[in-house]
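For reference, the structure discussed in these notes is given below.
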Amino acid sequence: MTPPETTPDPALERWRLVLGSPAEPWTGRPSADAAARDAALEWLYGRDQDLDRRGVRSAGLEPSRVTAVDWLDDIHRLFPRETIERLERDAVEQYGIDEIVTDPTVLERVEPSPALLRAVLRTKHLMNEQLLGQARRIVAAVVRQLMERLTPELRQAFTGARSSRPSRRPLARDFDFRRTVRANLGRYRPAERRILIERPHFHSRTRRHLEQWQLILLVDQSGSMVGSVIHSAVTAACLWSLPGLKTHLVAFDTQVVDLTSDVTDPVELLMRVQLGGGTDIARAVDYAAGLVENPRRTILAVISDFYEGGDRYRLLRTVRSLTGQGATVLGLAALDEEAAPAYDRELAGLLADAGAHMGAMTPGMLAGFVAERLGR
Numbered sequence: 001m002t003p004p005e006t007t008p009d010p011a012l013e014r015w016r017l018v019l020g021s022p023a024e025p026w027t028g029r030p031s032a033d034a035a036a037r038d039a040a041l042e043w044l045y046g047r048d049q050d051l052d053r054r055g056v057r058s059a060g061l062e063p064s065r066v067t068a069v070d071w072l073d074d075i076h077r078l079f080p081r082e083t084i085e086r087l088e089r090d091a092v093e094q095y096g097i098d099e100i101v102t103d104p105t106v107l108e109r110v111e112p113s114p115a116l117l118r119a120v121l122r123t124k125h126l127m128n129e130q131l132l133g134q135a136r137r138i139v140a141a142v143v144r145q146l147m148e149r150l151t152p153e154l155r156q157a158f159t160g161a162r163s164s165r166p167s168r169r170p171l172a173r174d175f176d177f178r179r180t181v182r183a184n185l186g187r188y189r190p191a192e193r194r195i196l197i198e199r200p201h202f203h204s205r206t207r208r209h210l211e212q213w214q215l216i217l218l219v220d221q222s223g224s225m226v227g228s229v230i231h232s233a234v235t236a237a238c239l240w241s242l243p244g245l246k247t248h249l250v251a252f253d254t255q256v257v258d259l260t261s262d263v264t265d266p267v268e269l270l271m272r273v274q275l276g277g278g279t280d281i282a283r284a285v286d287y288a289a290g291l292v293e294n295p296r297r298t299i300l301a302v303i304s305d306f307y308e309g310g311d312r313y314r315l316l317r318t319v320r321s322l323t324g325q326g327a328t329v330l331g332l333a334a335l336d337e338e339a340a341p342a343y344d345r346e347l348a349g350l351l352a353d354a355g356a357h358m359g360a361m362t363p364g365m366l367a368g369f370v371a372e373r374l375g376r
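Below is the structure:
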């Protein structure tokens, strides 16, 4: 008589997936579903050369035995969406599996995500017209997600601040909870543990008086800045129609490309971006200086890693001239949701000495900074 099969312990199975086959003496053999997940993970992470050095390579499927299409089908069947997005991101960013974005069969199945958008922008020069059409679907889907998430945050910075003065307009967003409670404390009913509100109170709202300002987003399109390029395009699109603000978007490497005419269509704009090449910040800042109409009502945001390949003394001279005329110059080493910069600290320090504000921002922080300046 054979012993009954025992139900695998989910916690032990998760540890088996994390640690690989060497852990089986302690975790037990995985179930069929767990073994399939293990094979999918091995297809990707088995490429890590460090496994050989540490002597922990598991005996899974060789990467060449399974195509990228098969692997995508497997992970979409075996893992939750959050895990799928992480696996696809690691495939294109950590292991450089370009088939994910250059194989039409794969592009039909792939889940749009910021990581895949970055991969598309890095590899679109390898694509034919058919692939570019499929890649545009990924670009459009991710841009739509970013705009839905960022538009309310960016526009909120420009809707005005609540003041302490009362208002007679009963808007829910302006409800003054503390003042309402204080005014109606005499109607508190202990037995029911509630206050009867006879008259609610509301804040008034002061709308900032917006005079015409310029916001010039000057974006380094070198490969390392791809995340900032994406968020700059979406930020410019979100801010484009705001009253009192004239927005420009200019991309640069060793050349300068004014993308302002495409700001209302960030998908088309991103498909025009050419990542890579050198970096001539001085030339780009000179171009941006030529766009300035009123220095005291201009914010120039230079988004770059500040590894200057051009004339840094010319750059510093132009920045010093702009700030001397009253322009606000922002030097942003990153403009994305993580705001985790890697940049040339020496040049950043020299730009700060020339009057620039240096740092890294999320799009919402940039919008708040711009709104604060416009409200002066």
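Going left to right, the sequence shown walks through residues 1 to 376 as full-length UniProt numbering numbers them.
Think of the CB as a built atom: it goes at the ideal place given N, C-alpha and C, for glycine as much as any other residue.
On a predicted model such as this, the values are computed, not experimentally measured, just so you know.
- Rounded to the nearest angstrom, the gap between the Cα atoms of Val106 and Trp71 is 10 Å.
- Asp33 and Thr83 have their C-alpha atoms some 16 Å from each other.
- For the 9 Å CB-CB criterion, Asp253 and Ser224 do not form a contact.
- Contact between Glu88 and Val110 holds: CB atoms are separated by about 7 Å, below the 8 Å threshold.
- Going by DSSP, Gln214 is part of no alpha helix (DSSP H) but of the beta strand (DSSP E) stretching over Trp213 to Asp220.
- Taking the C-beta atoms as reference points, Ala367 is found no nearer than 9 Å to Ala334.
- Short of 6 Å from the beta carbon of Arg81, and not among the five residues preceding or following it, lies no beta carbon of its own chain.
- In the structure shown, Thr260 falls within a helical segment according to DSSP collapsed to helix, strand and coil.
- Our two residues, Val142 and Leu315, have alpha carbons roughly 34 Å apart in a direct line.
- The alpha-carbon of Glu93 is positioned some 26 Å away from that of Arg345.
- Distance from the CA of Ala289 to the CA of Gln255, rounded to the nearest whole angstrom, comes to 15 Å.
- Annotation: the continuous beta strand (DSSP E) that includes Met361 extends over His357 to Met361.
- Less than 9 Å divides the Cβ of Ala135 from the Cβ of Val101.
- Of all alpha-carbon atoms in Thr318, Ala11, Arg296 and Asp336, the one lying nearest the alpha-carbon of Trp213 is that of Arg296.
- Taking a contact to require three or more Cβ pairs closer than 8 Å, the stretch 263–279 and the stretch 317–330 do not qualify as touching.
- Pairing Ile195 with Thr151, the inter-Cα distance amounts to about 37 Å.
- Just so you know, the alpha carbons of Tyr287 and His76 end up roughly 47 Å apart.
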